[in-house]
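Engineer: Heads up: the protein sequence lines correspond to chains G and H, in order. Quick note: the first sequence uses this note's numbering, first residue 187, plus one each step. Quick note: the second sequence uses this note's numbering, first residue 3, plus one each step. In this text, a Cβ means the ideal position worked out from N, Cα and C, and glycines have one as well.
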Amino acid sequence: MKSFRSHARALPLPWLVSSALCLAACTGSIPGDNEAAGGSGSDRSGGAGSPRGGATGRAGAGGGPQAGGSQACDAETQAPTARPGVLPLRRLTRFEYDNTVRDLLGDTTRPAAAFPADDVGAVGFATAINTSELMVTTALEIAEKLATSAVAKLDTLVPCASAANEACASEFVSSFGRRAFRRPLTAEERTVLVAVYSNARTQLGYDFKGGIRVVLTTMLQAPQFLYRWELGGSAAKKDADGTIALGPYELASRLSYFLWGSTPDAALLDAASAGKLASREEVTSQAKRLLGDARSRDMVADFFGQMMQTRAVTSAEKDTKIADWTAEVRASALAESRAFVQSVVLDGDGSWRTLLTAPYSYLDARTAKLYGVSGVVGSAPTKTNLPAGQRAGLLTQPAFLASQSGPTDGAMITPIRRGHVIRKRLLCQEIPPPLENVTARPSSGTTTRQRLSSHASDPQCAACHDRMDDLGFAMEGYDVVGRWRTTDNGAPVDTHGELSGVACGRPKFGGAVELAQRLADAPEVSDCLVQNLVRYATAREETDGEVAAMRASLPRELNVRDLMVQIASSEGFIRRIPSPGEVLQ
Amino acid sequence: MTTAKRNPDFRRREFLRATGIAAGLVPFLAGERALRGAEQPKRLLVIASANAWVHDGFLPKAPAGALASLALPDGIKPLEPHKADVNVIAGLEYRNYKAFYPSNVNYVDCHHSLPHLLTGKIGVMGKNSSSRPQDGATGYRPAGGGPSIDQWYADWLRSKGVTLPFQCLTAGVQDESCCEPTMVQLSYRGPDQPNAVENNPYTLNTRLFANVGMSATDIDKVRAERRSVLDGVGKMIERFAKNLGTEDRERVQQHLQSVRSVENSLGASAGAGCTKPSVGGAIDIGSNANVPKLVDAQISNVITALACDLTRSATLTLANGGGGWFPAWLNNPDFNGAPLAGNAGNNRNHHDLAHASANSAEARRLKTILEAWFMQQFATIIARLKEVKEGSGTMLDNTIVLWVNNMGTGDHSWQHAVWLTAGRAGGFRSGQWLPLGEWATKGMQGACVPQNGVLTAVANALTGSSMTSFGDAQFGGEAPGLRA
Chain G
187 MKSFRSHARA LPLPWLVSSA LCLAACTGSI PGDNEAAGGS GSDRSGGAGS PRGGATGRAG
247 AGGGPQAGGS QACDAETQAP TARPGVLPLR RLTRFEYDNT VRDLLGDTTR PAAAFPADDV
307 GAVGFATAIN TSELMVTTAL EIAEKLATSA VAKLDTLVPC ASAANEACAS EFVSSFGRRA
367 FRRPLTAEER TVLVAVYSNA RTQLGYDFKG GIRVVLTTML QAPQFLYRWE LGGSAAKKDA
427 DGTIALGPYE LASRLSYFLW GSTPDAALLD AASAGKLASR EEVTSQAKRL LGDARSRDMV
487 ADFFGQMMQT RAVTSAEKDT KIADWTAEVR ASALAESRAF VQSVVLDGDG SWRTLLTAPY
547 SYLDARTAKL YGVSGVVGSA PTKTNLPAGQ RAGLLTQPAF LASQSGPTDG AMITPIRRGH
607 VIRKRLLCQE IPPPLENVTA RPSSGTTTRQ RLSSHASDPQ CAACHDRMDD LGFAMEGYDV
667 VGRWRTTDNG APVDTHGELS GVACGRPKFG GAVELAQRLA DAPEVSDCLV QNLVRYATAR
727 EETDGEVAAM RASLPRELNV RDLMVQIASS EGFIRRIPSP GEVLQ
Chain H
3 MTTAKRNPDF RRREFLRATG IAAGLVPFLA GERALRGAEQ PKRLLVIASA NAWVHDGFLP
63 KAPAGALASL ALPDGIKPLE PHKADVNVIA GLEYRNYKAF YPSNVNYVDC HHSLPHLLTG
123 KIGVMGKNSS SRPQDGATGY RPAGGGPSID QWYADWLRSK GVTLPFQCLT AGVQDESCCE
183 PTMVQLSYRG PDQPNAVENN PYTLNTRLFA NVGMSATDID KVRAERRSVL DGVGKMIERF
243 AKNLGTEDRE RVQQHLQSVR SVENSLGASA GAGCTKPSVG GAIDIGSNAN VPKLVDAQIS
303 NVITALACDL TRSATLTLAN GGGGWFPAWL NNPDFNGAPL AGNAGNNRNH HDLAHASANS
363 AEARRLKTIL EAWFMQQFAT IIARLKEVKE GSGTMLDNTI VLWVNNMGTG DHSWQHAVWL
423 TAGRAGGFRS GQWLPLGEWA TKGMQGACVP QNGVLTAVAN ALTGSSMTSF GDAQFGGEAP
483 GLRA
């Protein structure tokens with residue numbers, strides 16, 4: 187099984203030893219505190235869970251610069267070849283469903299919030315896998331509402347509506363169906379749907395509009411709409427190398443759901459019908475076009491929001507003593523983080539380093555108050571320089587800091603949780619959960635860091651906490667809602683530390699701004715971005731060598747836009763291998 | 003039920019009015035039931051909460067016996083008026099969950115035990131990978147290994163020709179606000195097939211009582227249209243699944259089953275004589291401050307649905323497997339104090355108090371106060387069931403309420419768990435303090451018995467069967483003392 191991986195491929199040797207210690211006992215950390223409800227969306231699952239002892243943090247496995255962790259920092263990378271993977275069947279996530287009905291029907295009510303929550307999934311990003319009666323019931327209820335609104339403007343929805351006959355209904359099924367199912371309908375599908383229309387007219391006694399409403403309600407619950415699998419009725423064909431080239435409509439959908447989180451537009455569907463998604467150049471050119479469209483803005487915010495787990499900020503309630511942390515401020519913090527990634531990636535230099543280190547952000551009047559910046563008015567996020575030396579990029583924004591903190595200042599979970607997410611989501615390295623029944627034994631001291639010092643002094647604790655705590659201590663200059671502070675519980679904060687787990691020794695940092703620089707310098711962090719984006723794009727784990735191959739084809743300083751285009755035109759994106767049991771031609 | 007009304011008399015009147023039970027409904031339902039069979043329907047309601055109970059503040063310090071003769075500790079004092087109606091069962095363990103772990107692993111992370119409490123079966127590796135074991139020996143996240151008892155009972159009813167509008171109702175309050183599926187999934191349709199939970203009481207209210215106030219003709223019309231639509235959807239699914247790989251095909255097959263099941267339920271009589279309970283205007287379902295209102299609203303939804311025979315099998319999940327509600331609504335300043343030694347130094351929410359409770363008497367005291375709030379909810383549920391007259395008794399006589407907890411102790415053990423029951427459906431006994439295993443003699447040092455014993459008794463009572471086990475047979479048979 188591919189996902190059986192050992193720590194040996196993932197982590198530097200010292201960690202292997204410490205992992206063994208971890209198995210003996212790792213006291214001092216509290217598993218549940220990351221997981222408690224009312225906490226802020228911590229996500230300990232994600233990553234590639236690996237059966238029985240596998241590690242997941244092996245960006246660039248199969249020969250990448252990090253494999254084994256023993257290479258010199260500047261080791262030349264051999265460009266490895268990567269094979270495509272199995273593309274699993276996935277339903278539209280809430281995000282995708284909402285975008286899809288917006289683009290299909292002009293509905294902006296974002297109805298998918300009523301669906302059961304998305305699964306976190308194998309890849310650490312939202313996926314919709316499980317079906318349940320509740321899902322089916324919700325899909326029915328939403329479809330009924332959407333169809334009722336849509337037929338209120340019947341002439342827009344059905345251009346031939348004045349004919350009000352079966353021929354027009356059939357035409358609607360074919361033309362709207364091609365957009366809804368993202369490919370032409372098969373004859374069988376047309377027959378079923380036209381029969382639904384006819385039944386509504388004859389058995390239910392509905393008029394034309396009612397018939398269209400019923401057939402639309404049906405289409406919006408059909409798996410051809412709900413699932414991303416645009417093969418149509420035909421079986422896939424395996425090439426000599428054992429892989430399958432995605433068909434033009436499948437590829438069109440893969441592109442639009444990756445880069446827009448939504449359904450293909452007319453141009454993309456037309457390109458598919460005209461056979462103009464056949465070459466890598468054509469795919470590249472479409473990918474660039476999609477990234478130039480406003481729809482990509484939501485995708486960029488969604489990706490980084492999931493990767494950094496900043497989407498949880500709106501539900502990150504804090505101790506009521508923190509009076510300024512209202513729902514409005516939380517919404518502004520999220521808006522800031524979204525505007526920042528959108529501007530850097532799509533309007534700015536696109537640089538991954540900029541995302542990690544920018545001394546500016548996009549503030550409104552509410553977030554400006556958190557930052558202690560004056561002169562910002564209004565509710566639109568506006569580019570603003572931040573107080574010198576205090577901030578650097580994504581990690582020092584309230585959306586991240588408040589999502590990954592305890593409920594109150596002095597909560598010892600705060601640095602652990604922040605460090606945990608940095609380790610897992612920016613370095614793609616796992617931290618084993620505590621192994622024995624744990625009783626925390628805080629050290630005495632004034633500051634949170636002092637009280638957590640047993641984590642470093644007790645080797646059993648250090649085995650795991652070496653991977654988290656320093657990263658979190660770097661953030662001790664910010665309180666639980668992300669405001670700058672120089673003291674913690676009356677004593678000066680101490681934000682220095684070392685970045686462990688990277689090939690280049692243990693680079694030191696004096697605080698969050700320097701940590702951000704060290705992270706931007708670390709090849710592991712760039713690999714991890716690639717890994718995350720490959721997973722986001724494909725809804726599967728990266729294959730062996732896939733990340734390294736991607737890195738080898740791009741400059742060392744990653745440009746996120748270029749990376750997205752590169753992924754969209756890669757072998758792993760435009761091809762797949764058959765699913766076990768799949769019927770092939 | 004509006005939540006502001008704390009006057010018990012008012013609540014009772016309000017409830018009777020809201021459900022329409024006192025006036026027109028009883029004759030109507032009774033008449034309908036007469037068509038289905040002479041007996042009153044038997045119902046199952048499972049409630050799940052997390053973080054264990056503080057044994058000292060919750061369990062009688064006495065040998066097994068009638069609760070009536072015992073002083074109730076503070077945690078369960080709200081059950082005082084219902085002593086004759088409940089059982090307090092101690093000494094349980096989740097052996098089916100432990101069995102998934104290698105035998106040399108002693109710590110079993112009960113944040114993730116919910117999927118196993120009601121199945122009684124050893125779990126399976128979930129295809130949704132966050133329920134696969136993570137690296138590290140404690141990171142096992144098995145999915146449920148079979149149908150949970152609520153689903154099992156719903157299926158049994160269907161096999162006996164009883165189809166209901168909501169064959170298996172799954173409600174919750176803030177159970178999805180966390181992270182991993184195995185922390186929120188209590189109810190399973192089958193191996194690795196979790197039943198999703200409706201966490202929005204306002205949505206659920208609309209859905210459950212959609213037919214209330216509609217004419218029979220209109221109800222028939224909606225039903226006919228939905229049947230036509232779902233029939234079309236089913237045909238589309240059949241055409242979709244043809245070439246897929248095995249795993250994907252299974253998923254789509256499950257989708258089809260769900261569609262068929264929803265379609266079947268359309269034929270059920272849909273609570274036409276029922277009155278929709280008022281649950282107030284929609285509020286933020288994610289906000290901690292709103293928890294009491296949300297719980298109250300879901301209780302109203304579920305009890306009314308049971309009373310109206312919209313469902314006979316329901317679950318209500320309160321928070322998730324690591325539930326961290328902060329009980330601001332108790333207005334007890336002691337909860338605002340500094341973090342207690344022994345937890346991670348966060349605050350004094352439910353989950354943090356659980357961690358701290360092993361070492362801190364103050365944590366145990368506060369947690370017991372919070373546990374009494376949970377037991378007030380239990381008392382409310384029992385009172386509402388008793389308010390509904392059925393035959394010569396009340397609805398409680400035809401219901402089993404089972405309150406489970408995913409942990410045995412504050413530090414999250416799989417052993418020494420405590421469950422509660424209420425109700426007497428099918429000869430289920432009540433009014434007992436039941437220390438099972440060696441709890442009465444050895445306490446925390448004593449051996450426990452698998453929860454399968456309780457599940458078996460519940461399943462037998464509901465169905466009038468004499469099954470020798472529920473779930474995997476290796477975990478033993480029916481626990482003694484639960485059935486007459």
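#1: Measuring only the C-alpha atoms, how far is residue 733/G from residue 748/G?
#2: Name the DSSP bridge partner or partners of residue 192/H?
#3: I need the straight-line Cα distance from residue 355/G to residue 418/G, nearest angstrom please.
#4: Using a threshold of 9 Å, state whether the C-beta atoms of residue 46/H and residue 90/H are closer than that.
#5: Using C-beta distances below 7 Å, list every residue in its chain close to residue 404/G, excluding the 5 sequence neighbours before and after it, in chain order.
#6: For residue 126/H, list the residues DSSP reports as bridge partners.
#7: Between residue 85/H and residue 400/H, which are expected to be in contact by the criterion C-beta below 8 Å, what is the C-beta distance as a whole number of angstroms?
#8: Short of 6 Å in beta carbon distance, which residues of its chain neighbour residue 680/G, apart from the five on each side in sequence? Order them along the chain.
#9: Sort 276/H, 299/H and 278/H by Cα distance to residue 285/H and report the nearest one.
#10: Give the residues from the region 286-317 of chain G that approach chain H closer than 7 Å (Cβ to any Cβ), ordered along the chain.
#11: Tell me the rounded alpha-carbon separation between residue 717/G and residue 520/G.
#12: Residue 53/H: which of 188/H, 393/H and 354/H sits nearest, CA to CA?
#13: In three-state terms, what does DSSP make of residue 559/G?
#14: Going along the chain, which unbroken runs of the alpha helix (DSSP H) with 4 or more residues stay wholly within the region 662-743 of chain G?
#15: Using a cut-off of 8 Å between C-beta atoms, extract the partners of residue 593/G located in chain H.
#16: Hey, does residue 71/H have any beta-carbon neighbour from chain G nearer than 9 Å?
#17: Could you list the residues in the region 754-765 of chain G with a C-beta less than 9 Å from some C-beta on chain H, going in chain order?
#18: So, is residue 729/G buried or exposed, given that buried needs 16 or more other C-beta atoms within 10 angstroms?
#19: Just how far apart, CA to CA, sit residue 176/H and residue 447/H?
#20: Could you check where the beta strand (DSSP E) with residue 91/H kicks off and where it finishes?
#21: Taking its Cβ as the centre, do 16 or more other Cβ atoms sit within 10 Å of residue 571/G, making it buried, or is it exposed?
#22: Using 9 Å as the limit for Cβ to Cβ distance, is residue 426/H near chain G?
#23: Are residue 721/G and residue 309/G touching if we call contact CB-CB under 9 Å?
#24: Keeping to the same chain, check which residues put their C-beta closer than 7 Å to that of residue 470/H; ignore five residues upstream and five downstream.
#25: Measure the Cβ-Cβ separation of residue 325/H and residue 352/H and say whether it is below 9 Å.
#26: Is there at least one Cβ from chain G nearer than 9 Å to residue 446/H's Cβ?
#27: Given residue 264/H, which residues of its chain have a CB within under 7 Å of its CB, disregarding the five upstream and five downstream residues?
#28: Can residue 68/H and residue 433/H be called in contact, C-beta distance under 9 Å?
#29: Mind checking if residue 631/G is an interface residue toward chain H, Cβ cutoff 9 Å exclusive?
#30: For the region 415-484 of chain H, which segments carrying the beta strand (DSSP E) assignment without a break, of at least 3 residues, lie completely within its bounds, in sequence order?
#31: Check whether the region 455-469 of chain G touches the region 426-438 of chain G, taking contact to mean three or more Cβ pairs, one atom from each stretch, closer than 8 Å.
#32: Output needed in chain order: residues of the region 667-689 of chain G with a Cβ under 9 Å from some Cβ in chain H.
#33: In terms of alpha-carbon separation, which member of 126/H, 196/H and 174/H lies closest to residue 151/H?
#34: Residue 320/G: buried (16+ other C-beta within 10 angstroms of its C-beta) or exposed?
#35: Assuming residue 318/H and residue 173/H make a contact with CB atoms under 8 Å, what is their CB distance in whole Å?
#36: Rounded C-beta distance between residue 597/G and residue 591/G? I'm assuming under 8 Å.
Structural biologist: Answer, in terms of the structure:
#1: 15 Å
#2: 195/H
#3: 21 Å
#4: no
#5: 379 and 382
#6: 145/H
#7: Wrong, their Cβ atoms sit about 20 Å apart, outside the cutoff.
#8: 635
#9: 299/H
#10: 300, 302, 303, 305, 306, 307, 308, 315, 316 and 317
#11: 24 Å
#12: 354/H
#13: coil
#14: 698-707, 709-724 and 732-738
#15: 328, 348, 349 and 351
#16: no
#17: 764 and 765
#18: buried
#19: 35 Å
#20: 88-95
#21: exposed
#22: no
#23: yes
#24: 479
#25: yes
#26: no
#27: 232
#28: yes
#29: no
#30: 419-424 and 434-437
#31: yes
#32: none
#33: 196/H
#34: buried
#35: 5 Å
#36: 7 Å
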